[in-house]
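Residues 0 to 444 in numbering that gives the first Met the number 0 are what the sequence shown spells out, letter by letter. Backbone N, C-alpha and C fix where the C-beta goes; we use that ideal spot for every residue, glycine too. Structure, as structure tokens:
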Amino acid sequence: MKIVVIGAGEIGFHTAKILSQEKHDVIVVDSSAAQLERVNDALDVMTVEGSGSRLTTLRRAQVEQADVVIAVTSNDDVNFASCVLSHRLGAKRKFMRTNDADFFQDAEVTPQELGIDMAVSPERLAAKEIVRLIRRTAATDIVDFAEGRIQLIGIKLDQASPLINRKLRDVVKEYTEVPFRAVAISRGLRTVIPSADDVFKKGDQVFVISKTEMVPEMLKISGKESVKFENVMILGGTGIGQQVAEDLEEEVSVKLIESSKEASSRLADVLKKTMVIRGEGKDLDLLATEGIMDMDAYVAVTRDEEDNIISCLMAKHLGVKKAIAHVEKTDYIPLANTIGIDALVNKKLSAATEILKLVRKGEILSIATLHGVDAEMIEMVASPKSSVTKKPIRDLKFPDGGIIGCVIRKDEVIIPVGDTRILPDDRVVVLTLPRAIHEVEKFFH
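Structure below.
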């Protein structure tokens with residue numbers, strides 16, 4: 000496909016990187032020469048300098064021939080204008096980023112009526128991710144597939160885990176009543192696609208696919224318990240913090256700490272059951288007074304990522320079961336396990352992942368990016384004449400850098416073994432390293 004990405008920040012850069020690796024024809028537009036220099040140095044794409052809200056720039060980017068336009072600058076008005084103008088010029092599909100989650104709330108028309116296929120809010124997506132992580136307290140990552148019937152979870156193996164120093168094949172043989180598929184291991188800064196003879200090590204972050212109802216048993220096997228959460232503390236009355244509080248306050252006790260008098264007053268009016276406290280998150284006396292040691296989860300989502308990390312480390316030191324921090328730099332994400340924080344969330348990465356889901360069509364149903372792992376989960380449909388349907392999985396010679404995680408056949412969920420055969424029209428969830436994406440996709444066409 001011919002794809003124009005407007006905005007070369009973190010969202011645009013990551014989106015363009017993945018799409019170019021998949022051999023799409025990508026053009027990146029940005030008004031900053033420095034941003035485009037970074038793109039040119041790192042990616043095999045074309046670039047156009049200029050504002051995406053100007054017709055002359057869009058014409059230079061050949062928007063009229065574009066299958067997809069993705070507007071992801073930090074300016075909502077530029078993104079909106081880029082998509083509307085691209086629609087008038089003939090671009091087929093248009094997606095925009097909105098930093099203001101309520102950008103279209105008071106509009107008399109919908110985005111679709113203006114030719115915009117979808118507006119994506121990074122803050123709302125990050126909030127949803129945080130809520131999912133809190134609800135499954137023992138997991139470091141959670142991704143749903145097959146309408147929620149299958150989950151991929153990340154599990155950190157600590158010293159007490161009974162899996163340490165055991166081969167994957169031995170664990171699978173012992174727990175036949177809990178079908179699962181280990182699809183990746185994050186070990187230090189490396190991503191390993193495990194073979195049956197790989198040995199689990201202390202500190203590994205293991206990514207496992209299982210039927211959703213079996214996830215609690217899978218956690219027990221790894222030495223984890225999914226603890227019910229009843230008390231949550233949020234630091235930061237940002238859009239993410241407000242959204243997390245709104246999503247949780249009907250089911251658990253929520254306290255939100257915000258340093259700004261104006262923001263805390265506004266949040267107290269908006270949030271119905273959340274206790275809003277004005278104060279600094281680094282104030283240990285305040286945290287102790289508000290009962291941080293009784294909290295099941297602590298979420299730091301201020302605009303200062305270093306404050307978020309430090310406060311989460313403090314929370315873990317004080318005994319909080321799960322600490323989640325929002326960070327702006329994607330480079331920090333692989334460090335979550337190393338520094339002792341349960342999960343790091345990046346709203347821009349969440350948005351890029353959602354946009355990639357929207358861009359892909361046909362055999363690719365969904366996609367997910369895992370935190371701290373240089374790999375993606377892709378859900379695809381096996382076409383009738385595809386290579387993946389010709390032999391049992393063990394004989395497929397599946398691309399190096401890819402692994403089949405599960406198969407969905409109508410209402411049946413199958414955790415595959417070597418003898419499993421994929422049939423035409425099966426939905427298949429695959430983990431793939433970036434270098435293997437193109438080859439993996441060819442197996443399904």
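By the Cβ test, the segment 1-9 is in contact with the segment 18-32, since at least three Cβ pairs between them sit closer than 8 Å. Per DSSP, the beta bridge partners of Phe179 are Ser209.
Met117 and Lys219 have their C-alpha atoms roughly 40 Å apart.
Annotation for Leu369: no alpha helix (DSSP H) segment contains it, and DSSP assigns it neither H nor E. Rounded to whole angstroms, the gap between the alpha carbons of Asp196 and Arg168 is 6 Å.
Between the alpha carbons of Pro391 and Gly417 lies a distance of about 7 Å.
Taking 8 Å as the upper bound for CB-CB distance, Lys254 and Ile276 are in contact here, some 6 Å apart. Below 8 Å, too few C-beta pairs join the segment 370-390 and the segment 92-99 to call them touching: fewer than three. Looking from the CA of Gly114, the closest CA among Arg302, Ala80, His437, Ala138 belongs to Ala80. In the displayed model, Glu21 falls within coil according to three-state DSSP, outside both helix and strand. Contact between Val226 and Asp295 holds, since their C-beta atoms are separated by about 7 Å, short of 8 Å. The C-beta distance from Ser160 to Ser221 rounds to 6 Å, short enough to fall under 8 Å. Within the same chain, Cβ atoms closer than 6 Å to the Cβ of Arg186 are found at Asp203, the five residues on either side in sequence being excluded. The C-beta of Met292 has fewer than 16 other C-beta atoms within 10 Å across all chains shown, which makes the residue exposed. According to the DSSP assignment, Gln241 belongs to the alpha helix (DSSP H) that extends over 238-247. Positions of the beta strand (DSSP E) runs, each at least 3 residues long and wholly inside the segment 403-436, are given as 411-413, 426-431 in order along the chain. Of the residues assessed, Ser194 falls on the exposed side of the cut-off, its CB having fewer than 16 other CB atoms within 10 angstroms. For Ser252, the enclosing beta strand (DSSP E) stretches over residues 252-257. Nearest neighbour of Lys155 by Cα position, chosen from Leu132, Ala145, Lys223, turns out to be Lys223.
A straight-line Cα-Cα distance of about 10 Å links Asp282 and Met313.
Within the same chain, Ile308, Cys311, Leu312, Lys315, Ala322, Ile323, Ala324 come within 8 Å of Ile340 by CB-CB distance, once the 5 residues on both sides are set aside. For Met232, the enclosing beta strand (DSSP E) stretches over residues 230-234. Counted as a single uninterrupted DSSP element, the stretch harbouring Glu327 is not any alpha helix (DSSP H), since DSSP gives it neither H nor E. Here the alpha carbons of Ile413 and Gln64 stand approximately 41 Å from one another. Boundaries of the beta strand (DSSP E) harbouring Leu151: 149-155, taken from the DSSP string.
Counting only runs that start and end inside the segment 68-118, the alpha helix (DSSP H) elements of at least 4 residues fall at 75-88. Going by C-alpha positions, Val171 is about 20 Å away from Gln158.
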